[in-house]
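Undergrad:
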Amino acid sequence: MSYKFVYNTIFCFVTFLLSITINAQKFDYNWPIGYSDAPVGLELGISQLSFNNKLEITYLYGKKELELGYSGSFINNKEGNLILITDGCSVMDKAANIIKNGENLNPGRTYDNYCKGINKYYPVINGNFFITSNSWNNANILIHQSGDPNNELLDVTSEKVYYTKIILNTQGNYEVVLKNEIINTNFAMIVSITALEHPDGDKWWICYREYNSNKFHFVLMGEDGIIKRDSQNIGPIMHKSSDGFSYQTKFSPDGKTYISGVRGVGLLQFDFDRNNAKLSNMKVIHTPNDSGFVRGICFSPDNRLLYFSQDTNLFQYDLQDSSLLNTPIIVGHVDKRTKTDWPYSLGCMHLGPDCRIYVSPGSTVENMHVIHHPNSKGLACGFEVDAIVMPTRLAWSVPNLMTFRTTGNQKLCDSTIQFITSTVNIHDSNNKLFIYPNPVSDKLFIQFRSEARSILTLSLIDGKGNKIRNEKLKLGDNTLDVHDLMGGMYYLLIYERSKILAQGKFLKY
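Once you know that position 259 of the sequence shown is 1649 in this note's numbering, the rest is easy, because the numbers rise by one and skip nothing.
(1) Reducing DSSP to helix, strand and coil, say where S1840 ends up.
(2) Express the C-alpha separation of P1789 and H1588 in angstroms, rounding to a whole number.
(3) Starting from N1442, trace the beta strand (DSSP E) in both directions and tell me its first and last residue.
(4) Do you know how far the Cα of P1829 is from the Cα of D1874?
(5) Could you say which of Y1881, T1847, F1838 lies nearest to L1865 if we only look at CA atoms?
(6) Tell me whether W1732 sits in a helix, a strand or coil according to DSSP, three-state version.
(7) For a quick check, are the C-beta atoms of S1849 and N1856 less than 8 Å apart?
(8) Consider the C-beta atom of G1612 and the heavy atoms of the ligand FMN; say whether any pair is separated by less than 7 Å.
(9) Should Q1659 and C1738 be called a contact, given that it needs their Cβ atoms to be closer than 8 Å?
(10) Measuring CB atoms only, is the segment 1753–1768 touching the segment 1675–1691, in the sense that at least three cross pairs come out at less than 8 Å?
(11) State whether the segment 1639–1657 contacts the segment 1671–1687, with contact taken as three or more CB pairs (one from each stretch) at a distance under 8 Å.
(12) Just list the residues that DSSP pairs D1483 with in beta bridges.
(13) Check whether the segment 1569–1577 touches the segment 1500–1513, counting contact only when three or more Cβ pairs, one atom from each stretch, lie closer than 8 Å.
(14) Can you tell me whether DSSP reads S1636 as helix, strand or coil?
(15) For T1500, which three-state DSSP category applies?
(16) Do I1807 and F1464 have their C-beta atoms closer together than 8 Å?
(17) Rounded to whole angstroms, what's the CA-CA distance from G1645 to R1664? Just pull it up for me.
(18) Evaluate V1755 with the Cβ neighbour count: other Cβ atoms within 10 Å of its Cβ, from every protein chain shown; 16 or more gives buried, anything less gives exposed.
(19) Which class does S1523 belong to by DSSP, given the choice of helix, strand or coil?
(20) Within 10 Å of its beta-carbon, does V1567 have 16 or more other beta-carbons around it, so buried, or fewer, so exposed?
(21) Using C-beta distances below 7 Å, list every residue in its chain close to D1427, excluding the 5 sequence neighbours before and after it, in chain order.
(22) Please name the residue or residues paired with M1758 in a DSSP beta bridge.
(23) Assuming contact is defined by CB atoms lying nearer than 8 Å, are Q1622 and F1635 in contact in what I supplied?
(24) State the Cα-Cα distance for the pair C1913 and A1842, rounded to the nearest angstrom.
(25) Can you say whether T1813 is buried or exposed, counting buried as having 16 or more other CB atoms within 10 angstroms of its CB?
(26) Assign P1733 to buried or exposed, taking buried as 16 or more other Cβ atoms, counted over all protein chains shown, within 10 Å of its Cβ.
(27) Tell me which same chain residues have a C-beta within less than 8 Å of the C-beta of T1869, skipping the five on either side of it?
(28) Cα separation between V1581 and S1548?
(29) If we ignore side chains and look at the alpha-carbon of each, how far apart do Y1826 and N1494 end up?
(30) Got a sec? Which residues, its chain only, sit under 7 Å from T1793 by beta carbon, not counting five neighbours each side?
(31) Can you tell which of N1671, L1669, N1703 has the C-alpha that lies nearest to the C-alpha of T1677?
(32) In terms of alpha-carbon separation, which member of K1555, L1543, I1447, Y1881 lies closest to I1489?
(33) Quick one: give me the first and last residue of the beta strand (DSSP E) that S1621 is part of.
(34) With H, G and I counted as helix, E and B as strand and the rest as coil, what does DSSP make of L1558?
(35) Using the DSSP secondary-structure output, state which residues sit across from T1422 in a beta bridge.
(36) Am I right that F1773 and G1722 are in contact with their C-beta atoms under 8 Å? What's the rounded C-beta distance?
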C-alpha cells in the first residue's frame, strides 16, 4: 500500500468528518419550558433542557406574564445557544425581552383578549414554530397562525397563517424585519400546521389543512419568503375544528411519511414526496378510540415506529408491518397525581437531539416521561414514567419545535449524549445535582455544585421509601457503587445537616 494512497484516504476521511461538523445544526439543543413566576416553593418559572454533550437541566428565570408551553416555540443558533422564544404574542430574546418590532403577532380579537393581560399567551395549540437553515445568515422565520372565533360558522378557524422574519442586525441584536406576512389563501384548520426540510437543505415545506375540506396546502419557504404554493385534495374531509384528532401532525425524519388524523376515522398515514410535496397511498391507523383524541405523536429516529398518546396510554405502531394483525400496542401507561393531588398523564411528544423521545405530562406539573430506546419494539423501547423532574412546572407541554438535521450528511440525533437526571433546588439555584449514566448498572457518577460549607450527607432510598445507606458527599465529582443493588428505581437526597439541598433519582438495571 503506497504512502500516497494512505494519505489520500486519511485526507478524504478527515474532510468528510469536517463537512459533517461544519454543517452540524444545533437549532434544537436547548429547550426552554415553563411559565410565570411565583414565591419560592410553587415551582413556577422557566427551566431548560440542554443537550450539549450531556443532558443538563437548569432553572433559567421567572417572568409573570410569560408562558412557554404548546402555545409557544423557540430556536437556537447553529452552535446550540438559545436565541429566540415566542409565546404566540411576541418575538423575544432568550431572556424574554421583546426584540425590536417583535410585538403584536397575530393581530385581532384573540390577540386583544389573550396577549394584553397578566398571563400572556396565544391560545392555539402548536400553532407556531421557528424554521431556519445554516445558509440563512443568522436569519430565522417564525410560522404562526391565528385562532379566530367565527360567529357565522359557530367554530374557531384560522383565518390567517403568517410568517415573520427575524435577522441578526449589525449591532448584534435580533430584530423583526417582516411581520405578519400572509401565507394562506383560504381559512385553515387550527392544530394542523407543521413543516419539513426540503431535500436541498435551505428551504422548508410548510403544510396545513384547509377548513371544511380535504385539501392540504404546501408552501415552500426560503430565507427571503414564499417561493411557491401548491395544494392537493386527498382523504376524508375535516369539516370543523372539532374533527381534529391530534394536538400534533408530523412528518417522519426521512420525509417519506406524513401523519394527520380525523376524529371518527383515525390517524391518517400518507406517503410523502418531499421534492414535489405530494401525498399518496393513504392508510388509516385505527386507535382504541377513533372518536376520542390523540394528544401527541412522534416517529422513532429510524422512521419505522410511530408513538402516540391517547387518554392514559402510550401506544407504539409498526409502520412497516403490512400484516392484518398489525395494530397499535400499549408500551406505557400514566395516570398519576402529584403530592398536591394534581392529575397528570401523557401529552405531546418530541424527538430529542439525543435520540430519545420526550413525553410531556399533558398538565401543569414538573414531571416528564422519556422513551429511552424508541427504535426498539414493544416494552424494549424503555418508556420511563417520571424520568425527569423539572425545577419548574410545564405549561402542559414542551414548546413546539420542528425536526432539524434531516438532509445531507447530518446526523439526525446523537445517541452518545448522556442522559442525566438533574434536579435544581430553586430555593437556591446554586445547588445543582447531576447524575449519570441513567439507567446505570454498576457505577453512578454524581456531580454536586453548591455554596454549602458544612459536611454533606447523601442518603440512598429505594422505590419503597426504605433508606439503604448514608454516605459522606463532597462538592464536585463523586462515585457511588451500585452494582449490588436490586434492579429498580432509587432516590438520592443530599443534606446539609437536616436541610435537603437537592434530590434526584436513577434506574438500576
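Cβ coordinates follow ideal geometry from the N, Cα and C atoms, glycine included.
TA: Considering the structure as presented:
(1) Along the sequence shown, one-based indexing puts residue 1840 at 450. DSSP places S1840 outside both helix and strand once states are collapsed to three, so it counts as coil.
(2) Residue numbering aside, residue 1588 sits at position 198 when the sequence shown is read from its first letter. Residue numbering aside, residue 1789 sits at position 399 when the sequence shown is read from its first letter. H1588 and P1789: Cα-Cα distance of roughly 23 Å.
(3) In the sequence shown, residue 1442 corresponds to position 52, counting from 1. DSSP places N1442 in no beta strand (DSSP E); its state is neither H nor E.
(4) Position 484 of the sequence shown, counted from the first residue, corresponds to residue 1874. Position 439 of the sequence shown, counted from the first residue, corresponds to residue 1829. Rounded to the nearest angstrom, the gap between the Cα atoms of D1874 and P1829 is 15 Å.
(5) Translated into positions along the sequence shown, residue 1865 becomes position 475. Cα-wise, what sits closest to L1865 is F1838.
(6) Translated into the one-based positions of the sequence shown, residue 1732 becomes position 342. Three-state result, W1732: coil.
(7) Numbered from 1 along the sequence shown, position 459 holds the residue referred to as residue 1849. Numbered from 1 along the sequence shown, position 466 holds the residue referred to as residue 1856. Taking 8 Å as the Cβ cut-off, S1849 and N1856 do not qualify as a contacting pair.
(8) Within the structure as shown, the ligand FMN is missing, as the structure has no ligands at all.
(9) Here residue 1659 refers to the residue found at position 269 of the sequence shown. Here residue 1738 refers to the residue found at position 348 of the sequence shown. Their beta carbons are not under 8 Å apart, which means Q1659 does not touch C1738 by this criterion.
(10) Yes, the segment 1753–1768 touches the segment 1675–1691.
(11) Short answer: they touch.
(12) As a first step, residue 1483 is located in the sequence shown; it is residue number 93 there, counting from the start. For D1483, DSSP records a beta bridge to L1474.
(13) With contact defined as three or more Cβ pairs closer than 8 Å, the segment 1569–1577 and the segment 1500–1513 are not in contact.
(14) Within the sequence shown, numbered from 1, the residue matching residue 1636 stands at position 246. Here S1636 sits in strand by DSSP.
(15) To locate residue 1500, count along the sequence shown from 1; it is residue 110. Per DSSP, reduced to three states, the secondary structure at T1500 is helical.
(16) Taking the first residue of the sequence shown as 1, we reach residue 1807 at position 417. Taking the first residue of the sequence shown as 1, we reach residue 1464 at position 74. Note that the C-beta distance between I1807 and F1464 is not below 8 Å.
(17) The sequence position of residue 1645 within the sequence shown is 255, counting from 1. The sequence position of residue 1664 within the sequence shown is 274, counting from 1. Those two C-alpha atoms are separated by around 6 Å.
(18) On the sequence shown, residue 1755 is found 365 positions in, with the first residue counted as 1. Under this definition V1755 is a buried residue.
(19) By 1-based counting over the sequence shown, the position of residue 1523 is 133. Coil.
(20) As a working note, residue 1567 is residue 177 in the sequence shown. Here V1567 is exposed. Its C-beta has fewer than 16 other C-beta atoms within 10 Å.
(21) Along the sequence shown, read from residue 1 onward, the residue named residue 1427 stands at position 37. Within its own chain, the residues whose Cβ lies closer than 7 Å to the Cβ of D1427, once the five positions on either side in sequence are excluded, are L1434, G1435, G1452, K1453, K1454, listed in chain order.
(22) The residue given as residue 1758 occupies position 368 in the sequence shown. According to DSSP, M1758 bridges with I1778.
(23) Looking up residue 1622 in the sequence shown gives position 232. Looking up residue 1635 in the sequence shown gives position 245. Result no, Cβ atoms of Q1622 and F1635 do not sit closer than 8 Å.
(24) As displayed, the chain neither begins before 1391 nor continues past 1899, which places residue 1913 out of reach and without an answer.
(25) Counting from one through the sequence shown, the residue named residue 1813 turns up at place 423. Low confidence applies here, because T1813 scores a pLDDT of 40, under 50, leaving its location unreliable; read the following figure in that light. With at least 16 other beta carbons inside 10 angstroms of its own, T1813 counts as buried.
(26) Walking along the sequence shown from the start, residue 1733 turns up at place 343. Within a 10 Å sphere around the beta-carbon of P1733 sit fewer than 16 other beta-carbons, which makes this residue exposed.
(27) The sequence position of residue 1869 within the sequence shown is 479, counting from 1. Once the five neighbours on either side are set aside, the close Cβ partners of T1869 are K1833, L1834, F1835, I1836.
(28) By 1-based counting over the sequence shown, the position of residue 1581 is 191. By 1-based counting over the sequence shown, the position of residue 1548 is 158. Each residue's Cα considered, the two are about 9 Å apart.
(29) Taking the sequence shown and counting its residues from 1, the one referred to as residue 1826 is at position 436. Taking the sequence shown and counting its residues from 1, the one referred to as residue 1494 is at position 104. Approximately 43 Å between the Cα atoms of the pair.
(30) One-based indexing of the sequence shown puts residue 1793 at position 403. The answer, listed in chain order, is P1643, L1741.
(31) Within the sequence shown, numbered from 1, the residue matching residue 1677 stands at position 287. With distances taken between Cα atoms, T1677 lies closest to N1703.
(32) What you label residue 1489 is simply residue 99 of the sequence shown in a count that begins at 1. The option with the nearest alpha carbon to I1489 is K1555.
(33) For the purposes of this step, residue 1621 is identified with residue 231 of the sequence shown, where counting begins at 1. Start and end: 1615–1628.
(34) Mapped onto the sequence shown, residue 1558 falls at position 168. L1558 falls in the strand class under three-state DSSP.
(35) Here residue 1422 corresponds to residue number 32 of the sequence shown, with the count starting at 1. According to the sequence displayed, residue 1422 carries Pro and not Thr. Per DSSP, Q1438.
(36) In the sequence shown, the residue the question calls residue 1773 occupies position 383. In the sequence shown, the residue the question calls residue 1722 occupies position 332. Between the beta-carbon of F1773 and that of G1722 there is about 4 Å, and that keeps the pair under the 8 Å contact cut.
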